[in-house]
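Adding 1354 to a residue's 1-based position in the first sequence gives its number in this note's numbering.
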Amino acid sequence: MAIISRAPGRLLPRTFFEGPPERVSPLLLGKLLVAKDRRGNLLAGRIVEVEAYLGPHNLPPDPAAHTYRGPTPRNQVIFGPPGHAYVYSIYGRYFCMNISCEPEGLAGCILLRALEPVAGLDRMAKNRGLPSGSALRLLTSGPSRLCQALGLTRLGHNGLDVTSNKSPLQVRDDGYPVPDALVTVRIGIKRAVDLPLRFAVPGNKCVSGPTKLTGVRVPPI
DNA sequence: CTGTGGATTTGCT
DNA sequence: GCAAATCCACAGG
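Here you go:
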């Protein structure tokens, strides 16, 4: 029996993540991030906002990416095979989660910036220190909020294969249609601030940051 | 609504 | 030594 049973939809194949992050990112919108915690709680959210971070093989390279200066112990997952979770700690108290893409040996990853909660909402509220029934956007709108809601940590989740049926952390496709994606510049960085590498589901209430998005629409996925 | 500052650790230079 | 892909509380308009 799979570690995650009764999870909705189908597991995404590794080939899904073999492309460059700027191309895979919009495809990831609408997919489900599913986590099973140690107590057996199933926690799931729909991916509604992501950002692409490019590997150093790109010309020009992406100075905002953790891989900009080459492999280090921290970022080795991003240089490994596609479809693996890169979870890192930031500002001493938070975590952010990415998924590696590009073929093994090339770097590239996608930062998950916001989810729309789908399953395990009470548990998410508890993990976030919020009362049951809190607004959805308070649970998982923001890269560190979503990690806190799903209980994702570097020690517990960095390096996990999100395409394995044995993994406690998966990305699944339940057929939810996302007609198009909105693309804007990335948020919260100080370098390469003009690259249009943030992708979001237009109009979704759980998208983080300014409610008014100023990007251009990309063609239907 | 906007802006500001503090918390607090890690990882690299 | 210090910057960091954040969040939250609080002040002011």
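Here a beta-carbon is modelled for each residue, glycine too, at the ideal position from N, C-alpha and C. Predicted, not measured: the structure shown is a model, and the values here were computed from it.
Are the Cβ atoms of V1516 and R1467 separated by less than 8 Å? Working through the first sequence from its first residue, we reach residue 1516 at position 162. Working through the first sequence from its first residue, we reach residue 1467 at position 113. The Cβ-Cβ distance between V1516 and R1467 does not fall below 8 Å.
Check: Cα separation between G1513 and F1433?
Finding: As a position in the first sequence, residue 1513 is number 159, starting the count at 1. As a position in the first sequence, residue 1433 is number 79, starting the count at 1. When only Cα atoms are considered, G1513 and F1433 end up about 11 Å apart.
By Cβ distance below 6 Å, which residues in the same chain neighbour L1490 in space, the five residues on each side in sequence not counted? Here residue 1490 corresponds to residue number 136 of the first sequence, with the count starting at 1. These residues qualify, in order along the chain: P1471, C1560.
Legend entry - For S1379, the residue or residues it bridges with in DSSP: Residue numbering aside, residue 1379 sits at position 25 when the first sequence is read from its first letter. The secondary-structure analysis by DSSP pairs S1379 with nothing; it has no beta-bridge partner.
According to the Cβ coordinates, are L1383 and V1532 closer than 8 Å?
Walking along the first sequence from the start, residue 1383 turns up at place 29. Walking along the first sequence from the start, residue 1532 turns up at place 178. Yes, these two residues count as a Cβ contact at 8 Å.
- Task: Would you kindly work out how many angstroms separate the C-alpha atoms of G1373 and D1391, rounded to a whole number?
- Result: The count along the first sequence starts at 1 and reaches residue 1373 at position 19. The count along the first sequence starts at 1 and reaches residue 1391 at position 37. Whole-angstrom Cα-Cα distance: 29 Å.
Worksheet entry | Straight-line Cα distance separating D1416 from R1545 | On the first sequence, residue 1545 is found 191 positions in, with the first residue counted as 1. On the first sequence, residue 1416 is found 62 positions in, with the first residue counted as 1. As the crow flies, the alpha-carbon of R1545 is around 9 Å from that of D1416.
- Query: Since G1409 and L1460 are thought to touch, with beta carbons under 8 Å apart, how far apart are those beta carbons, to the nearest angstrom?
  - Reply: To locate residue 1409, count along the first sequence from 1; it is residue 55. To locate residue 1460, count along the first sequence from 1; it is residue 106. Yes, G1409 and L1460 are in contact; Cβ-Cβ is about 6 Å, under 8 Å.
Neighbour-count burial assignment, G1496, 16 or more Cβ in a 10 Å radius = As a first step, residue 1496 is located in the first sequence; it is residue number 142 there, counting from the start. That one is buried.
*Pair within 8 Å by beta-carbon distance, C1455 and P1375*: Within the first sequence, numbered from 1, the residue matching residue 1455 stands at position 101. Within the first sequence, numbered from 1, the residue matching residue 1375 stands at position 21. Yes, the pair counts as a contact, with Cβ atoms nearer than the cut-off.
| Fully enclosed by the stretch 1491-1518, which alpha helix (DSSP H) runs are 4 residues long or longer? | Runs of the alpha helix (DSSP H) inside the stretch 1491-1518: 1497-1504, 1508-1511.
*What is the DSSP secondary structure of P1574, counted as helix, strand or coil?*
The count along the first sequence starts at 1 and reaches residue 1574 at position 220. At P1574 the pLDDT is 48, less than 50, meaning the model places this residue with poor confidence; the figure from the coordinates comes in the next sentence. The answer is coil: DSSP assigns P1574 none of H, G, I, E or B.
State the Cα-Cα distance for the pair R1368 and K1480, rounded to the nearest angstrom.
In the first sequence, residue 1368 corresponds to position 14, counting from 1. In the first sequence, residue 1480 corresponds to position 126, counting from 1. Distance between the alpha carbons of R1368 and K1480 is about 32 Å.
* Using alpha carbons as the reference points, say which of L1469, V1431, L1387 lies closest to S1521. => For the purposes of this step, residue 1521 is identified with residue 167 of the first sequence, where counting begins at 1. Ranking L1469, V1431, L1387 by Cα distance to S1521 puts L1387 first.
Check your understanding: At what residues does the alpha helix (DSSP H) containing L1475 begin and finish?
Key -> For this step, residue 1475 is matched to residue 121 along the first sequence. Element bounds for L1475: 1475-1482.
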